[in-house]
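Residue numbers (my numbering), protein chains in the order written: chain A, 270 to 613; chain B, 6 to 422. Note that CB positions come from ideal geometry on N, CA and C, so glycine has one too. This structure is a prediction, so every number in the text was calculated from the model and none was measured. Have a look at the structure below, then the notes.
As structure tokens, this is what we get:
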């Protein structure tokens, strides 16, 4: 436990370092020093000692474009990892994540409907998009869970199958909506493939409450998740009301998934790879796994997003494409190694 | 003693299939109760009802006077712990973390494990000799070690009742005794109440104070192992013939299986055979006839001799006289009655003294009634005549009247066919 606390502190420092460094990465050449000074200038007390010796466009780029984007990237990566870790623990299945079990698709459809209504019919409910996404995620989850359930257990195979089936169906609905959207198709498309470009502070503040509430709930229920890993019956014998915990955690995980999908689209595989990799290092205890995954997931996504910004510069690659390129082989590796039985 | 668990008129069904029908029982504090019965008799279902994992359709389970269904899971978990059959797990918690989970029922959601919890976990692990591998991942432990860890977790729950569901079903016999010795020790030292579903009748007989024998969802018998594990109960409930002897050290009932013999497939002819025995002469014959599936009776024998022991083990009806006494007229008459019901009478290699001379007369009685009499593996009668010639005389009359001497097992089999 003490060793893990040290790991978390180190990760926290590395996260701050990453936030700093990735803020300076981009098409516009803003120097390290200037970027640092621009941020420091905004901090009360310290700010007064720094004189502005940079072009004002730099300030806009750093404070209004890069910083919110990096912050949002961190939030998204952290949220997807937390959701992935909770799905995996709850379903005792390392192949579960918001993407593979189809919850993301539900969120995407919810958000697409909101976007569709907004762009074509002119309704405005910007703050409502996360809510729509959450609603979509919850409905999808309900269907997938009941489709996959065989008696009282949810086997890996049926869960993945149900995820595929529901995802395909939902994708078809999304495609249809995109067709109907006509000239607005490009907007929906870019949102859908998962990207963080042109995100502002308003996006950050939009998802923040959802993410904080959902993550806090999951963190406070992480001991229950540990016990549920022993099996549902064993957990009941240790005083856990399994069905109740399941509902609480599933809803919380869907809430944060819905929120982040609504601002960043479909960024796949983060919620799968990160908790799995972190578990290999810190072990299955969710009280450590959840915060660690959040930090690692956040760090991972902001670096990947930096890569997305520069890899084909000046064209930006949507970050969802890169995470899929990296994640798919890992997923295949997991499926193959299932023969040896998973060890959580 | 106070009543710990009280089950009243409990019925349970899966779908339309009734599994448990009107179970009523009481388990006292400090008892070790074994639940036995054939597959599908409802053993595990009963355990799950006692544990509120299943809700009974009818009836109640009371814990110290409180209705189980009105308690939440956490309260129940403080009261009873469960050691399941299969504890294999697919994740890498170490042994210590697993045992610490036993503290979960005592912690609030926002409460961290404290010094007291660590103390309790340590004691539980030391008691079960699992402290030495506390840092090893549970996935790397052997079956026996893992079961000790799970037992430690149950102890860390500080419950008063431990439910065991065939806890040693997948373990080698050395681990079986290890685990049950431990359970017994805990029962004695901490006055824990133990309720165990068991498959192995000998394990149940050796370790349990009381047994509950289930047949098709109903209590067939409840009592001490001696009262419950008898040849006739086993035959009635399991539909199989066994020999119930005594464990050589503890004297508890010991069940021996009879391979290849089963009442259900006993297509061969079954005869009513009465054996005249005494002093241990009839034991091999009784076992042979019993294992062939014949309906055997024996008489007159003295209580406590080895023929009598055998008859009891086999659950064979017998006419018994008090130890070391001459046969009374009454017992002799009983013996004659039994002989009259038999199709064949076999006399064993019995030594005759003044006390049991009537057994030879019983042989005559059989022949007079036209019931064939065999003398099986009988030595020369004069060598076992301790009556000064009376027995020899009677024996010769038996032979005159048609008693047949048989020496080989095959010959005996032919006659029986």
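query: Sequence-distant residues of the same chain with beta carbon closer than 7 Å to residue 542/A, five excluded per side; result: 596 and 599
query: Extent of the continuous alpha helix (DSSP H) to which residue 544/A belongs; result: 539–551
query: Best match in 413/A, 376/A and 272/A for proximity to residue 443/A [C-alpha to C-alpha]; result: 376/A
query: Where residue 270/B falls: helix, strand or coil (DSSP); result: The pLDDT assigned to residue 270/B is 45, lower than 50, so where the model puts this residue is not dependable, and the model offers no usable value.
query: Environment of residue 283/A [buried if 16+ CB atoms lie within 10 Å]; result: exposed
query: Per-residue DSSP class, three states only, for residue 262/B; result: strand
query: Spatial distance of residue 431/A from residue 412/A (CA atoms); result: 8 Å
query: Inter-residue Cα distance where the pair is residue 44/B and residue 243/B; result: 9 Å
query: Any C-beta of chain A under 8 Å from that of residue 166/B; result: no
query: Chain-ordered residues of the region 539–557 of chain A with a beta carbon less than 7 Å from chain B; result: 552, 553 and 554
query: Element boundaries [alpha helix (DSSP H), containing residue 467/A]; result: It is not in any alpha helix (DSSP H) - residue 467/A carries neither H nor E in the DSSP assignment.
query: Beta-carbon proximity of residue 346/A to residue 567/A, cut-off 8 Å; result: yes
query: Cα-Cα separation between residue 285/B and residue 142/B, rounded to whole angstroms; result: 57 Å
query: Partner residues on chain A for residue 107/B, Cβ-Cβ distance less than 8 Å; result: 507
query: Identity of the residue in 508/A, 556/A and 409/A nearest residue 86/B by Cα; result: 508/A
query: Cutoff 8 Å: residue 325/B Cβ touching any chain A Cβ; result: no
query: Near-chain B residues of the region 466–495 of chain A (beta-carbon distance less than 9 Å), N- to C-terminal order; result: 489, 490, 492, 493 and 495
query: Residue of 78/B, 410/B, 81/B and 294/B minimising C-alpha distance to residue 316/B; result: 294/B
query: Three CB pairs or more closer than 8 Å across the region 62–69 of chain B and the region 257–264 of chain B; result: no
query: Of the residues 361/B, 417/B, 184/B and 382/B, the one placed nearest residue 399/B, counting alpha carbons only; result: 361/B
query: Separation of residue 113/B from residue 561/A, as counted between CA atoms; result: 24 Å
query: 8 Å Cβ cutoff met for residue 61/B and residue 98/B; result: no
query: Three-way DSSP call (helix, strand, coil) for residue 279/B in this model; result: strand
query: Test item: CB-CB of residue 280/A and residue 565/A under 8 Å; result: yes
query: Of the residues 352/B, 364/B and 221/B, the one placed nearest residue 417/B, counting alpha carbons only; result: 352/B
query: Residue 582/A - DSSP class collapsed to helix/strand/coil; result: coil
query: Inside the region 367–453 of chain A only - beta strand (DSSP E) runs reaching at least 3 residues; result: none
query: Through-space distance from residue 364/B to residue 334/B, alpha-carbon basis; result: 11 Å
query: Sequence-distant residues of the same chain with beta carbon closer than 7 Å to residue 269/B, five excluded per side; result: Unreliable positioning characterises residue 269/B in this predicted model, as indicated by a pLDDT of 46, which lies under 50. The coordinate reading is nonetheless provided below. Contacts found: 244.
query: Outcome for residue 274/A when other beta-carbon atoms lying within 10 angstroms are tallied against a minimum of 16; result: exposed
query: Proximity to residue 522/A [Cα-Cα], best of 290/A, 468/A, 303/A and 491/A; result: 491/A
query: Rounded C-alpha distance that separates residue 148/B from residue 213/B; result: 23 Å
query: Anticipated Cβ contact below 8 Å, residue 249/B with residue 318/B, distance rounded; result: 6 Å
query: Interface residues of the region 371–402 of chain A facing chain B [CB-CB below 9 Å]; result: none
query: Chain A within 8 Å of residue 129/B, Cβ atoms only; result: no
query: Inter-residue spacing [alpha-carbon to alpha-carbon] between residue 399/A and residue 364/A; result: 25 Å
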